[in-house]
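Residue numbers (UniProt numbering): 1 to 718.
(1) With a threshold of 16 other CB atoms inside 10 Å of the CB of residue 220, please say whether the residue is buried or exposed.
(2) Quick one: Cα of residue 446 to Cα of residue 84, how far?
(3) At a Cβ threshold of 8 Å, is residue 692 touching chain D?
(4) Residue 252 and residue 158: beta carbons closer than 8 Å?
(5) For residue 719, does the count of other Cβ atoms within 10 angstroms reach 16, so buried, or fall short, so exposed?
(6) Report yes if the C-beta distance between residue 97 and residue 321 is below 8 Å; otherwise report no.
(7) Can you name the residues that DSSP bridges to residue 354?
(8) Going by Cα to Cα distance, which pick from 108, 284, 307 and 311 is closest to residue 299?
(9) Measuring only the C-alpha atoms, how far is residue 442 from residue 419?
(10) Who are residue 69's beta bridge partners in DSSP?
(11) Let's see if you can read the secondary structure: which residues bound the beta strand (DSSP E) around residue 538?
(12) If we count Cβ pairs, one from each stretch, closer than 8 Å, do we get three or more for the segment 483-502 versus the segment 601-612?
(13) Taking the straight line between their C-alpha atoms, what separation do you get for residue 109 and residue 544?
(14) Since residue 696 is in the beta strand (DSSP E), which residue starts that stretch and which ends it?
(15) Taking the continuous alpha helix (DSSP H) assigned at residue 222, which residues delimit it?
(16) Which one of 621, 657 and 631 has the shortest CA to CA distance from residue 706?
(17) Among 382, 677, 354 and 317, which residue has its Cα nearest to the Cα of residue 328?
(18) Tell me residue 256's beta-bridge partners as DSSP assigns them.
(19) With which residues is residue 654 paired in a DSSP beta bridge?
(20) What is the C-beta distance between residue 198 and residue 182, in whole angstroms, given that I count them as a contact (C-beta under 8 Å)?
(21) Among all the DSSP beta bridges, which residues are the ones paired with residue 332?
(22) Thinking C-beta only, is residue 323 closer than 8 Å to residue 277?
(23) Could you have a look at residue 24 and say whether DSSP puts it in helix, strand or coil?
(24) By the three-class DSSP mapping on this structure, what secondary structure does residue 7 have?
(25) From 394, 506, 623 and 514, pick the residue whose C-alpha is nearest to that of residue 476; which is it?
(26) For the putative contact between residue 95 and residue 127, defined by C-beta atoms under 8 Å, what is the C-beta separation to the nearest angstrom?
(27) Determine the closest residue to residue 161 out of 71, 271 and 121, with distance taken between C-alpha atoms.
(28) To the nearest whole angstrom, what separates the beta carbons of residue 374 and residue 393, a pair I think is in contact under 8 Å?
(29) On the criterion of 16 or more Cβ atoms from any shown chain inside 10 Å, does residue 651 qualify as buried, or is it exposed?
(30) Count the other CB atoms, across all protein chains shown, that sit within 10 Å of the CB of residue 562; report buried if there are 16 or more and exposed otherwise.
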């Protein structure tokens, strides 16, 4: 394959809701470009894109797949992305490195929640969109619904370039109002017959053509003046205006296809070749320092790694975009993230699992290499004269959590290695080795996401695992003042152990005044503050330790031991063994022995005194509260609201958002177990949600009683 120059390269992503036909369209584009000689299909598990065994099992894209084709003397790199929101990481990484999104719309359903979510992600990254209405050959296809919902969700800049003549099982023709021609296919699709527009369609075609001319003219002042002068524009003038509108994300053309029958695909690729911006026509990429990296093949070489996969018999494959300069086989580059040199021994262009070796790739191109030793996702490789660093791809917060363990304990180490590998391939899978919960917690985007991981471990790696209900990271605190003292005394021949500690504990709040006067059992007690040590706890909150010892009752050298004993109980709270937080401890008195007192004596005395005081200080369990946003169709609002209320949700507000309703709520993490599955069931997969940690709040009394009973039962069994 020849080395394409930057002004001959275009990068696009196939995006859209699950079931919109992205993989089928990818297959047709590869076929039309001559990369393959026969089109596969999803049902037969023989597509170039979905080549992983797990994708065959579920008949859904799980990973983003890098592909390429050649058309009209240009190279088109494109990335087929998953439609299910559980695998949104592939969509986000793709959108970060391409310049244009082909948003597929299922002709049966119009714009779906997933379409809208992906559209917002594309908008946040300032990516132009082309809408492709697919499956127009289905008996329930509705083109008007698609256009109406697209304009509702994406605005008036949605502009029809094509519309179907006959929607449904007899679909075989469309009107192109840019070309002002009718395209008609035989039963096998492929190359169309280009015909004049029939008299029955000419009025509608003229009306839409005029609207398209006006939309194109709006994007350029010179074209607008020309339009006012002539009342129309030539096809080339329209192309200029449309390209400028796309670059500004102010023009969204609509095309029609039946990807399965290869109808309309060739004309779509012609539009991509003629009008979609080249990599050199898009804005420069900002670096972390605020400088801009221009797509210039003569600039210093800089490469950004956006995806990693583990391929059988090959190992780790690193997918990258050449941001500037050019990369050749044998180049030595510096990983700017860790300052380690990497040699690029082999270069490939990629079409699914098929790799074609090339000698060079230039700025704007997308390729892959193998066996980099210390380079991961989000890393930048530069030549020695370049110091560019690019912003990390930002992935969504997890929405699902589960505990995991190997069925055979002997496989624990293997499990850890495989989970780490899966995180490298899919950064939306995160692993938490929780000392607090004594569990391995997996975080992901949904139950389907985790079940896919489990299938891969079982079938690809022959490792059997089981999912467990994840424990909740509760916290413990106190609500009132309490006093306790404890004497530790032990005599076993020779020197003994002796330490006595008197303390007060109270809830700590930021900015509270120093301790001076307390009232205990109706009696006032004054303390003299001699020193304060504030410990910011790793798990949130603080422990404030106040030394109010007077008269040398306890030597200052024993105070760290007392504090250590207190921290031992903070680390394993008296109520449920959870971490304790936000407590002020005032040590005001005690006793010591000239011979028998030592650090261990005061550590134990401090530990027991704190535990006794804690239980009398109105102890409360705190639970993590999450902010959630649920995007739901209007007709499913009642079911979703009822379910949230059953989960102890506090509804914070509701607002309309582009044809959907958005519910804002605060929900305890305990109640969010498998919520993604329930929401999908309630809305038939039409709703989406996000969740993010907010704060800790006290649990209701009845919940605290349940938790205390469960902990007592657990400790009794242990």
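The beta-carbon is built from N, C-alpha and C at its ideal position, and this holds for glycine as well.
Bear in mind the structure is a predicted one, so any value in this text is a computation, not a measurement.
So, from the listed chains and residues:
(1) As a working note, residue 220 is residue 220 in the chain shown. Per the 10 Å Cβ criterion, buried.
(2) Position 446 of the chain shown, counting from 1, holds the residue named residue 446. Position 84 of the chain shown, counting from 1, holds the residue named residue 84. Roughly 10 Å between the two C-alpha positions.
(3) Looking at the structure shown, chain D is missing, and only one protein chain is on hand.
(4) The count along the chain shown starts at 1 and reaches residue 252 at position 252. The count along the chain shown starts at 1 and reaches residue 158 at position 158. With respect to the 8 Å criterion, residue 252 and residue 158 are classified as neighbours on the basis of their beta carbons.
(5) Outside the modelled stretch of the chain, which goes from 1 to 718, sits residue 719, for which no answer is possible.
(6) Position 97 of the chain shown, counting from 1, holds the residue named residue 97. Position 321 of the chain shown, counting from 1, holds the residue named residue 321. A Cβ-Cβ contact shorter than 8 Å links residue 97 with residue 321.
(7) In the chain shown, counting from the first residue as 1, residue 354 sits at position 354. When beta bridges are read from the DSSP output, residue 354 appears opposite 351.
(8) Locating residue 299 in the chain shown gives position 299, where the first residue counts as 1. Checking every option, the nearest Cα to that of residue 299 belongs to 284.
(9) Stepping through the chain shown from its first residue, residue 442 is reached at position 442. Stepping through the chain shown from its first residue, residue 419 is reached at position 419. Approximately 9 Å, taken between the alpha carbons.
(10) Here residue 69 corresponds to residue number 69 of the chain shown, with the count starting at 1. In DSSP, residue 69 forms a bridge with 76.
(11) Position 538 of the chain shown, counted from the first residue, corresponds to residue 538. Unbroken run through residue 538: none, as it is neither H nor E.
(12) At 8 Å Cβ cutoff, the stretches touch.
(13) In the chain shown, residue 109 corresponds to position 109, counting from 1. In the chain shown, residue 544 corresponds to position 544, counting from 1. Straight across, the Cα-Cα distance linking residue 109 with residue 544 is about 59 Å.
(14) Counted from its first residue, the chain shown places residue 696 at position 696. Segment 688-698, the beta strand (DSSP E) holding residue 696.
(15) Position 222 of the chain shown, counted from the first residue, corresponds to residue 222. Annotation: the continuous alpha helix (DSSP H) that includes residue 222 extends over 221-230.
(16) For the purposes of this step, residue 706 is identified with residue 706 of the chain shown, where counting begins at 1. Across the set 621, 657 and 631, the C-alpha of 621 shows the shortest separation from the C-alpha of residue 706.
(17) The count along the chain shown starts at 1 and reaches residue 328 at position 328. Here the closest residue by C-alpha is 382.
(18) Translated into positions along the chain shown, residue 256 becomes position 256. Looking at the DSSP assignment, residue 256 forms a beta bridge with 133.
(19) Locating residue 654 in the chain shown gives position 654, where the first residue counts as 1. DSSP lists 663 as the bridge partner or partners of residue 654.
(20) To locate residue 198, count along the chain shown from 1; it is residue 198. To locate residue 182, count along the chain shown from 1; it is residue 182. Rounded, the Cβ-Cβ distance is 7 Å, consistent with contact.
(21) Taking the chain shown and counting its residues from 1, one reaches residue 332 at position 332. Its beta-bridge partners are 343.
(22) For the purposes of this step, residue 277 is taken as the residue at position 277 of the chain shown. For the purposes of this step, residue 323 is taken as the residue at position 323 of the chain shown. Residue 323 sits away from residue 277, with the two beta carbons spaced by 8 Å or more.
(23) If you number the chain shown from 1, residue 24 lands on position 24. Residue state, collapsed to three classes: helix.
(24) As a first step, residue 7 is located in the chain shown; it is residue number 7 there, counting from the start. The three-state secondary structure of residue 7, taken from DSSP, is helix.
(25) Translated into positions along the chain shown, residue 476 becomes position 476. The option with the nearest alpha carbon to residue 476 is 623.
(26) Stepping through the chain shown from its first residue, residue 95 is reached at position 95. Stepping through the chain shown from its first residue, residue 127 is reached at position 127. Confirmed, Cβ separation roughly 6 Å.
(27) As a working note, residue 161 is residue 161 in the chain shown. The shortest C-alpha to C-alpha distance from residue 161 to any of 71, 271 and 121 is the one to 271.
(28) In the chain shown, the residue the question calls residue 374 occupies position 374. In the chain shown, the residue the question calls residue 393 occupies position 393. Between residue 374 and residue 393, the beta carbon gap of about 19 Å keeps them out of contact (Cβ cut-off 8 Å).
(29) For the purposes of this step, residue 651 is identified with residue 651 of the chain shown, where counting begins at 1. Label assigned to residue 651: exposed.
(30) If you number the chain shown from 1, residue 562 lands on position 562. Under this definition residue 562 is a buried residue.
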